[in-house]
């Protein structure tokens, strides 16, 4: 992830489910309580791009290494396209957020790893689709806005789970 870029990637589920956690893994902590990640959810727009903000889940610290989760309560409907959004204010010089390579990738056994084209690729660079746009770190905008570009590799590794 790049500081100052709001990114979103599509998710879709075949069953309606209420998710209670959203998380990621920090490979190397920043050591600074001011470096954070913000996660959220967007509806699919009429142009099949991220549209209206459904929910800003809030922010999490990048200070320490390990699994980081936010408590949420969000029902996602079956057969509906959503967009998971993520932005960081971390300059990326020390912190590996949402690792897409290496041996540090972990996920709860009760969760769904999203942002990857298959579980078989865990530990390798991810393939998928992620739109991004320039945005200064703050509460998530509504709507997402016009993307500056698209990325097809190294998609963030974020999970949803219910407990």
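In our numbering, the protein residues as written are 961 to 1123. Yeah, the Cβ is synthetic: ideal placement off N, Cα and C, and Gly gets one too.
- Residue 1108 sits exposed, since fewer than 16 C-beta atoms from the chains shown fall within 10 Å of its C-beta.
- The Cβ atoms of residue 966 and residue 1047 lie closer than 9 Å to each other.
- Per the DSSP secondary-structure output, residue 1021 pairs in a beta bridge with 996.
- By the neighbour-count criterion, in which a residue is buried when 16 or more other Cβ atoms sit within 10 angstroms of its Cβ, residue 1044 is buried.
- Remark: C-beta atoms of residue 1101 and residue 1013 approach each other more closely than 9 Å.
- Assignment of residue 1009 by DSSP, reduced to helix, strand and coil, places it in the coil class.
- In the structure shown, the three-state DSSP call for residue 1050 is coil.
- Between the region 985–993 and the region 1001–1015 there are fewer than three C-beta pairs closer than 8 Å, too few to call the two in contact.
- DSSP places residue 962 in the coil class of the three-state scheme, outside both helix and strand.
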